[in-house]
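Asks: To start, I am sharing the structure in question, which I have written as structure tokens.
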Amino acid sequence: MELNNNEDKATPRTMLGRRLRRMREDTDLSIRALAEKVGYPYSYLGRVERGEQLPSEALVSALDAHFGTSGLFADLWEMTHNEVIADYSRKVVSREPDAERIEVFNSSVVPGLLQTPDYARELFRTGLPGTNDDELTERVAVRMHRQHIFEREEAPFYWAIMDEAALKRPVGGQECMRGQLGRVLQAVGHPRVTVQVLPFAEGAHSILGGGLTLLTLKSGGTIGLVESFDSGEVVESPKRLARLSQSFAVVTSKALPEDKSINLIRQYLKDYENEHDC
1 MELNNNEDKA TPRTMLGRRL RRMREDTDLS IRALAEKVGY PYSYLGRVER
51 GEQLPSEALV SALDAHFGTS GLFADLWEMT HNEVIADYSR KVVSREPDAE
101 RIEVFNSSVV PGLLQTPDYA RELFRTGLPG TNDDELTERV AVRMHRQHIF
151 EREEAPFYWA IMDEAALKRP VGGQECMRGQ LGRVLQAVGH PRVTVQVLPF
201 AEGAHSILGG GLTLLTLKSG GTIGLVESFD SGEVVESPKR LARLSQSFAV
251 VTSKALPEDK SINLIRQYLK DYENEHDC
């Protein structure tokens, strides 16, 4: 990703790069020497120092370990996430770690917190034409990092309703879909994850063609996000949130029970396993 035209404007990305360069120089290390110590190409470290590329989560951990910075680079890396998250969804995504319950409806794709890297990359590649490989990698890394909330001791309750279209549409081809549906089936093994499928047979409904996310926060508040294919709106009005909650309840009532949903996902997975990429 290119730097902002205003080179003097500090961003989390450039701050991370500057801090890395300062610490490297303070310890009298050349960029090649540091690259050898942390096990990454020096050209990659150079792009990170110049703010041209976000480091991977693994590199961030290696830098904190090498310099003994107790999570400094990890904290800066967390701040850089905002650069690759859509403006309209940033506020809601940033509150996911504070959520007691996350309710999601997607009308055409698998929800982000259940996506595999290959599936997410294909969505970004086709949804953001012209995006270079480095930026695609960054966006995928951020989405995968968000999924760490399920590894917490007190993970949020996650309830996802997927339209059957998300199972039918072969995003990234047959192999990608085999991995993706396998990931969904793995996710439902988590005690706090519920996935249901809204079948084609149910016809039209109030959220057709869009997406809905409702976060119930540990503090007791609720925040919502309504999305279309290239835009979205954060909802905090109690009156509107009540209507959105009702819409989610209606869609849930139309969806297959969890056991039948899992059986349908397995059937689609079997179909993809029996097919071959052209």
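Residue numbers (full-length UniProt numbering): 1 to 278. Heads up, the beta-carbon is just placed ideally off N, CA and C, and yes, glycines get one too.
From this set, H190, G232, E52 and V226, which residue's C-alpha is nearest I149's C-alpha?
Replies: Counting from one through the sequence shown, the residue named residue 149 turns up at place 149. Comparing Cα positions, the closest option is H190.
Asks: Within this structure, are the beta carbons of G211 and E227 separated by less than 8 Å?
Replies: Within the sequence shown, numbered from 1, the residue matching residue 211 stands at position 211. Within the sequence shown, numbered from 1, the residue matching residue 227 stands at position 227. Yes, these two residues count as a Cβ contact at 8 Å.
Asks: Y40 by DSSP, collapsed to three states: which one?
Replies: Working through the sequence shown from its first residue, we reach residue 40 at position 40. DSSP places Y40 in coil when its eight states are reduced to three.
Asks: Grab me the residues of I207's own chain with a C-beta within less than 7 Å of its C-beta, minus the 5 sequence neighbours each way, in chain order.
Replies: Here residue 207 is taken as the residue at index 207 of the sequence shown, counted from 1. The answer, listed in chain order, is F105, S107, S247 and V251.
Asks: According to DSSP, is S100 part of a helix, a strand, or is it coil?
Replies: Position 100 of the sequence shown, counted from the start, is the residue given in the question as residue 100. Reading the sequence as shown, one finds Glu at residue 100 and not Ser. Three-state result, E100: strand.
Asks: Exposed or buried, which one is G232 when buried takes at least 16 other CB atoms within 10 Å?
Replies: On the sequence shown, position 232 is the one that residue 232 refers to. Looking at its Cβ environment, which holds 16 or more other Cβ atoms inside 10 Å, G232 is buried.
Asks: Using DSSP bridges, identify the partner residues of V197.
Replies: Along the sequence shown, read from residue 1 onward, the residue named residue 197 stands at position 197. Beta-bridge pairing links V197 to M162.
Asks: Taking the beta carbon of M177 as the centre, do at least 16 other beta carbons fall within 10 Å, making it buried, or is it exposed?
Replies: Translated into the one-based positions of the sequence shown, residue 177 becomes position 177. Classification of M177: buried, given that the 10 Å Cβ count is 16 or more.
Asks: Name the DSSP bridge partner or partners of G232?
Replies: Here residue 232 refers to the residue found at position 232 of the sequence shown. Answer is E227, bridged to G232.
Asks: When we look at the beta-carbon of S261 and count the other beta-carbons within 10 Å, is it buried (16 or more) or exposed?
Replies: Here residue 261 refers to the residue found at position 261 of the sequence shown. Its Cβ being crowded by 16 or more others within 10 Å, S261 is buried.
Asks: Ignore the nearest five residues each way along the sequence and tell me which others in A141's own chain have a CB closer than 8 Å to its CB.
Replies: On the sequence shown, position 141 is the one that residue 141 refers to. L54, S56 and E57, listed in sequence order.
Asks: Helix, strand or coil for G17, going by three-state DSSP, please let me know.
Replies: For the purposes of this step, residue 17 is identified with residue 17 of the sequence shown, where counting begins at 1. Residue state, collapsed to three classes: helix.
Asks: If you reduce the DSSP assignment to three classes, tell me which class T126 lands in.
Replies: Residue 126 sits at position 126 when you count from the first residue of the sequence shown. DSSP places T126 in helix when its eight states are reduced to three.
Asks: Does F211 come out as helix, strand or coil in the three-state DSSP assignment?
Replies: Counting from 1 along the sequence shown, the entry for residue 211 is found at position 211. Before going further, note that residue 211 is Gly rather than Phe in the sequence given. In this structure, G211 counts as strand in the three-state DSSP scheme.
Asks: How is T131 classed by DSSP in three states: helix, strand or coil?
Replies: Sequence index remark: in the sequence shown, residue 131 carries index 131 (1-based). If DSSP states are grouped into helix, strand and coil, T131 belongs with coil.
Asks: With distance defined between alpha-carbon atoms, name the residue in S237, M162, A10 and V60 nearest to V110.
Replies: On the sequence shown, residue 110 is found 110 positions in, with the first residue counted as 1. Selected option, being the one with the closest Cα: M162.
Asks: Are the CB atoms of A65 and residue 281 within a distance shorter than 8 Å?
Replies: Not covered by the structure: residue 281. The range shown for the chain is 1 to 278.
Asks: For the alpha helix (DSSP H) holding T80, just list the boundary residues, first then last.
Replies: The residue given as residue 80 occupies position 80 in the sequence shown. Start and end: L72 to T80.
Asks: For Q267, is the classification buried or exposed, using 16 other Cβ atoms within 10 angstroms of its Cβ as the cut-off for buried?
Replies: Position 267 of the sequence shown, counted from the first residue, corresponds to residue 267. Exposed, by the Cβ-count rule.
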